[in-house]
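Numbering (full-length UniProt numbering), first residue to last: 1 to 224.
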């Protein structure tokens, strides 16, 4: 589905419709991206898509157009739409990017034709893509270095934890936060024990778990 292969909201590079020309140019240069969702007031109110090409060409004119005149209509899709169906629809509409909405109409993420193609036929090799870092790195018997964004189900399978756990979180980072009284700040290194694992956080950045050391430990048996 679109939700499975979209870029999540927290990882999107947005442009505010009130951004100055200098701010927009810096966003384009720093990100290296070609398309940007433009929002007004908050990120759930997407007013269109700005292409870097349109904006940079506009700067060549002494009296260029205002930002609102440069943005193109956004194409909105639900999280539940199938990847192959969306790919065909975007090709038909000549849309390179779609905004994915959650069930309440808020911005959940964005998806591109390349994202969909990778989902359908496997990852496309791109010489400009950075090398993808392995998310679960074995460190020895019953010990791993794990990315905070790794899916919890995949981690539990590798660690060998029984599947009858009913966790509401989807990632290792979410599991850590669910066991803490408050969200830790950058630089803190909390340790939690749950589900037969000891999770020692190595790095927190922008209140997200980046990396942790996971060790399999003996689960305590309830006393009779």
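Ideal placement from N, C-alpha and C gives every residue a C-beta, glycine not left out. In this text, all values refer to a predicted model and were calculated from it rather than measured experimentally.
Item                                                                                                                                                 : Value
Are at least three pairs of beta-carbons, each pair with one atom in the region 149–162 and one in the region 176–189, less than 8 Å apart?          : no
Below 8 Å between beta carbons: does that hold for residue 75 and residue 98?                                                                        : yes
Could you please give the first and the last residue of the uninterrupted alpha helix (DSSP H) stretch that includes residue 173?                    : 172–178
If I follow the unbroken beta strand (DSSP E) through residue 42, where does it start and stop?                                                      : 42–51
Between which residues of its own chain and residue 180 is the CB-CB distance below 8 Å, once the five residues before and five after are set aside? : 190, 192
On a Cα-Cα basis, can you pick out the residue from 57, 14, 144, 34 that is closest to residue 41?                                                   : 14
Can you round the beta-carbon distance between residue 176 and residue 109 to whole angstroms, since I take them to be within the 8 Å contact cut?   : Not confirmed; about 23 Å, so no contact.
May I ask you to report which of helix, strand or coil DSSP gives residue 81?                                                                        : coil
Classify residue 105: buried if its beta carbon has 16 or more other beta carbons within 10 angstroms, exposed otherwise.                            : exposed
State buried or exposed for residue 84, treating a residue as buried only when at least 16 other CB atoms are found within 10 Å of its CB.           : exposed
Taking the C-alpha atoms as reference points, what is the distance between residue 100 and residue 18?                                               : 23 Å
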